[in-house]
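Engineer:
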Amino acid sequence: MRPISGREELGLFSRLPYALNEELADDLAVGRRRPEWMWVALRGDRLVARAAWWSRPGSDTPLILDILDIEDDASSPDHVDVGERLLRTAMAATLPEGSRPPEYSRFVPPDWRENTLSRQAVENRMTVLERTGARLFVERLRLEWRPESPTPEPGGRLVFRPLGDAGELVALMTSVLDGTLDAHGRDDLTRMSAREAARKHYEGELARYTTPRDWWRIATLPHGEPVGFVLPAHNGYNPVIAYIAVLPAHRGNGYVDDLLAEGTRVLAEQDVPRVRASTDLGNVPMANAFRRAGYVSFEHEINMTWS
Numbered sequence: 023m024r025p026i027s028g029r030e031e032l033g034l035f036s037r038l039p040y041a042l043n044e045e046l047a048d049d050l051a052v053g054r055r056r057p058e059w060m061w062v063a064l065r066g067d068r069l070v071a072r073a074a075w076w077s078r079p080g081s082d083t084p085l086i087l088d089i090l091d092i093e094d095d096a097s098s099p100d101h102v103d104v105g106e107r108l109l110r111t112a113m114a115a116t117l118p119e120g121s122r123p124p125e126y127s128r129f130v131p132p133d134w135r136e137n138t139l140s141r142q143a144v145e146n147r148m149t150v151l152e153r154t155g156a157r158l159f160v161e162r163l164r165l166e167w168r169p170e171s172p173t174p175e176p177g178g179r180l181v182f183r184p185l186g187d188a189g190e191l192v193a194l195m196t197s198v199l200d201g202t203l204d205a206h207g208r209d210d211l212t213r214m215s216a217r218e219a220a221r222k223h224y225e226g227e228l229a230r231y232t233t234p235r236d237w238w239r240i241a242t243l244p245h246g247e248p249v250g251f252v253l254p255a256h257n258g259y260n261p262v263i264a265y266i267a268v269l270p271a272h273r274g275n276g277y278v279d280d281l282l283a284e285g286t287r288v289l290a291e292q293d294v295p296r297v298r299a300s301t302d303l304g305n306v307p308m309a310n311a312f313r314r315a316g317y318v319s320f321e322h323e324i325n326m327t328w329s
């Protein structure tokens, strides 16, 4: 059990299949990954398990555990045990002593519960994580809009304008946390104030996007009262709807459809090959809004956390 030595061992690390394999070389090149964060368990020259963390370029600390795989081999009945030993070994060597491990994220097929092979693989990985103290936090829908779909049309009820400044956005983000259905937002509110949670989200993610801020839109009623906002962006991998929300006083009026139509239109005008978005599986109103706008669920995401 050891970290890979460098880019020359990407072929070895990629012997277990996963969609993120094709991004590993670029992630290493730009500093989103480091060889010392990418661990393998070998039996002879056979890869039997692997684990890896991701972070933002330039960061010295892993942000997400997003690769954990164990060989699915009926002749190796100890493969879950091996996965646990690898993860414990890698965590002890990689993470700051005494720190809370980063969240685990895994993309899985939408029908993973119905497909016997997919379900077994997902449950094996979850068992490995649970043995180290993690628990299921939330399951999310990953959605995609493609240019061959009609571009959703705004309803004409709202006026859209560019964001004034970061302070205005943080204030709106603070407001929309009231009654939020988002699991990460609700979790933040158990540990900090709404404003602190909004500031954390803005500084930790939104402020880091390098795409134009004039893509971001504030929606108002004709007389200027804010209704909500939508933040189209590019996250370094895909064009995305980074954040969309309706203020509490205006929920239930269908304004989310207008917001999503505007955000999708902004990105569609950039001639993008796709627009991606995500929402919690339990956030049924938001999931339905994406479907009405022509977004299709192509994957789920499993998130697990350590207490």
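By the count of our numbering, the sequence shown reaches residue 329 at its end, each step adding exactly one.
Quick reminder that beta carbons are idealized off the backbone N, C-alpha and C, glycines included.
1. With respect to the alpha helix (DSSP H) encompassing MET113, which residues constitute its N-terminal and C-terminal limits?
2. Would you decide whether GLU170 is buried or exposed? Buried here means 16 or more other CB atoms lie within 10 Å of its CB.
3. I'd like the span of the alpha helix (DSSP H) that includes ASN310, first residue to last.
4. Comparing C-alpha positions only, which one of LEU38, ASP67, ASP82, GLU175 sits nearest to PRO57?
5. Under the rule that 16 or more other beta-carbon atoms within 10 Å means buried, what is SER121, buried or exposed?
6. Under the DSSP definition of a beta bridge, which residues are partnered with PRO248?
7. Have a look at LEU139 and PHE312 and give me their C-alpha separation to the nearest angstrom.
8. Is the beta carbon of ILE92 closer than 8 Å to that of VAL150?
9. Between the C-alpha atoms of LEU180 and LYS222, what's the straight-line distance to the nearest angstrom?
10. Whole-angstrom Cβ separation of GLU166 and TYR317, contact assumed at under 8 Å?
11. Can you grab the Cα-Cα spacing for the pair SER331 / ALA114, in whole Å?
12. How is ASP293 classed by DSSP in three states: helix, strand or coil?
13. Could you tell me the alpha carbon to alpha carbon distance between THR154 and GLU323, rounded to whole angstroms?
14. Who are the Cβ neighbours of ALA309 in its own chain at under 7 Å, not counting the five residues just before and after it?
15. Pick helix, strand or coil for PRO261, following the three-state DSSP scheme.
16. How should ARG331 be labelled, buried or exposed, when 16 other C-beta atoms within 10 angstroms of its C-beta is the threshold for buried?
17. So, GLY250 versus TYR231, is the Cβ gap smaller than 8 Å?
18. Quick check on this structure: which residue in PRO131, PRO132, SER77, PRO39 has the alpha carbon closest to the alpha carbon of LEU90?
19. Are the beta-carbon atoms of ARG54 and VAL62 separated by less than 8 Å?
20. Check ARG197 in the structure and name its three-state DSSP category.
21. Name the residue from VAL130, VAL102, ASP48, PHE182 whose alpha carbon lies nearest to the alpha carbon of ALA10.
22. My output table needs one value for GLU227: the three-state DSSP class, helix, strand or coil.
23. Out of curiosity, what's the CA-to-CA distance linking PHE35 and ASN43?
24. Out of ALA283, MET326, GLU45, which has the shortest C-alpha to C-alpha gap to THR173?
25. Is the CB-CB distance between LEU211 and ALA219 below 8 Å?
26. Beta carbon of MET409, beta carbon of MET148: below 8 Å?
27. Does SER140 come out as helix, strand or coil in the three-state DSSP assignment?
28. Go to ASP49, then tell me how far its alpha helix (DSSP H) extends in each direction, as first and last residue.
29. Need the endpoints of the beta strand (DSSP E) that HIS272 sits in, please.
30. In the DSSP assignment, what residue or residues form a beta bridge with MET326?
Structural biologist: Straight from the coordinates:
1. For MET113, the enclosing alpha helix (DSSP H) has its first and last residue at 101-116.
2. By the neighbour-count criterion, in which 16 or more other beta carbons inside 10 Å mark a residue as buried, GLU170 falls on the exposed side.
3. Unbroken alpha helix (DSSP H) run through ASN310: 306-314.
4. The closest CA to that of PRO57, considering only LEU38, ASP67, ASP82, GLU175, is found on ASP82.
5. Exposed, because fewer than 16 other Cβ atoms sit within 10 Å of the Cβ of SER121.
6. According to DSSP, PRO248 bridges with THR242.
7. Looking at the backbone, the Cα of LEU139 and that of PHE312 are separated by about 29 Å.
8. Result yes, Cβ atoms of VAL150 and ILE92 sit closer than 8 Å.
9. The C-alpha of LEU180 lies about 29 Å from the C-alpha of LYS222.
10. Between GLU166 and TYR317 the beta-carbon gap is near 6 Å, inside 8 Å, which marks them as a contact.
11. The first residue shown for the chain is 23 and the last is 329, placing residue 331 beyond what the model contains.
12. If DSSP states are grouped into helix, strand and coil, ASP293 belongs with coil.
13. When rounded, the distance between both Cα atoms is 20 Å.
14. Leaving aside the five residues that flank ALA309 on each side, the residues in its chain whose CB is nearer than 7 Å to its CB run, in chain order, LEU163, THR301.
15. Looking at PRO261 - three-state DSSP - the assignment turns out to be strand.
16. No answer is possible for residue 331: the residues shown for the chain start at 23 and end at 329.
17. The answer is no: Cβ separation not under 8 Å.
18. It is PRO39 whose Cα lies nearest to the Cα of LEU90.
19. Result no, Cβ atoms of ARG54 and VAL62 do not sit closer than 8 Å.
20. Here residue 197 is Ser; the residue named in the question, Arg, does not match the sequence. SER197 falls in the helix class under three-state DSSP.
21. Because the chain spans 23 through 329 in this model, residue 10 falls outside it and cannot be assessed.
22. Note: GLU227 maps to coil in three-state DSSP.
23. Taking the straight line joining both Cα atoms gives about 9 Å.
24. Minimum Cα distance to THR173 is reached at ALA283.
25. Contact flag set, yes.
26. Beyond the ends of the chain as shown, which are 23 and 329, falls residue 409; an answer cannot be given.
27. Helix, per DSSP.
28. Unbroken alpha helix (DSSP H) run through ASP49: 46-52.
29. Looking at the DSSP string, HIS272 is not in any beta strand (DSSP E), and its letter there is neither H nor E.
30. DSSP, once it has assigned bridges, lists TYR126, LEU158 as partnering MET326.
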